[in-house]
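In terms of the numbering used here, the sequence shown has 71 at position 71, counting the first letter as 1, and numbering is strictly consecutive.
Glycine is no exception: its CB is placed at the ideal position from the N, C-alpha and C atoms.
All values derive from a computational prediction rather than experimental measurement.
The structure appears below as structure tokens.
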Amino acid sequence: GGGYMVAKAYPIQLEPNPFNRFHISPGFQVGDLLFLSGHVPIDRDGMPVEASFDEQASLTFENLQRTLQKGGSCLEKIIKVTIYVTNMNLFRPKIIKLRQKWFKPPYPADTLVEVSALGHPSRLIEIEAVALCNGQIDR
Numbered sequence: 001g002g003g004y005m006v007a008k009a010y011p012i013q014l015e016p017n018p019f020n021r022f023h024i025s026p027g028f029q030v031g032d033l034l035f036l037s038g039h040v041p042i043d044r045d046g047m048p049v050e051a052s053f054d055e056q057a058s059l060t061f062e063n064l065q066r067t068l069q070k071g072g073s074c075l076e077k078i079i080k081v082t083i084y085v086t087n088m089n090l091f092r093p094k095i096i097k098l099r100q101k102w103f104k105p106p107y108p109a110d111t112l113v114e115v116s117a118l119g120h121p122s123r124l125i126e127i128e129a130v131a132l133c134n135g136q137i138d139r
């Protein structure tokens, strides 16, 4: 039948690309959506930033925002996040505050998971996201 569209995935290009050293794409645009890799507290060269949880979280959100902007989106257009932390008891209250700081209602669909380790021994947080790149969230 007619009208069948073949889906295409377009990689999000970052320059410099901190993901290169890990052999990972920052994310892909598929239709009106962006699918992002887990973002972590790394510098533009992909080197880990060893810092407090608060500093790591801020850098992680800034890195997410950078990738989203390159994909034609922003933090306000995130519809789903998965947030990984290494200590639920310590970091859950901070995550609740971070959601208020970086997102606005209606807040993204969200899964918070505790894991035993994240890529680098110093890493305390990782966030992956799905966002709109075209269209808008009904606010």
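Using a 10 Å radius around the Cβ and a threshold of 16 neighbouring Cβ atoms, would you call I96 buried or exposed?
Counting from one through the sequence shown, the residue named residue 96 turns up at place 96. Classified as exposed, I96 has fewer than 16 neighbouring CB atoms from the shown chains inside 10 Å of its CB.
State whether the segment 97 to 107 contacts the segment 37 to 47, with contact taken as three or more CB pairs (one from each stretch) at a distance under 8 Å. no
Exercise. Could you check which residue in K70, E55, I24 and M5 has the C-alpha nearest to that of A131?
Key: Counting from one through the sequence shown, the residue named residue 131 turns up at place 131. Residue K70 is the option with its Cα nearest to A131.
| message | By the three-class DSSP mapping on this structure, what secondary structure does L68 have? | response | In the sequence shown, residue 68 corresponds to position 68, counting from 1. In this structure, L68 counts as helix in the three-state DSSP scheme.
Give every residue of the same chain whose Cβ lies closer than 8 Å to the Cβ of R92, excluding the five residues on either side of it in the sequence, and list them in chain order.
Here residue 92 refers to the residue found at position 92 when the sequence shown is read from its first residue. These residues qualify, in order along the chain: V85 and L112.
key: Exposed unless 16 or more other CB atoms sit within 10 angstroms - verdict on G27   = Here the question's residue 27 lines up with position 27 in the sequence shown. So G27 counts as buried.
Between the Cα of P16 and the Cα atoms of F35, E76, Y4 and D43, which residue gives the shortest distance?
Position 16 of the sequence shown, counted from the first residue, corresponds to residue 16. Ranking the options by Cα distance to P16, first place goes to D43.
### Message
By the three-class DSSP mapping on this structure, what secondary structure does D54 have?
### Response
Within the sequence shown, the letter at position 54 stands for residue 54. In the three-state reduction of the DSSP assignment, D54 falls in the helix class, which pools H, G and I.
Q | Beta-bridge partners of D138, as assigned by DSSP | A | Stepping through the sequence shown from its first residue, residue 138 is reached at position 138. DSSP output for D138 lists no bridge partner at all.
- Name the one or two DSSP bridge partners that H39 has. As a working mapping, residue 39 is identified with position 39 in the sequence shown. Paired residue(s): I127.
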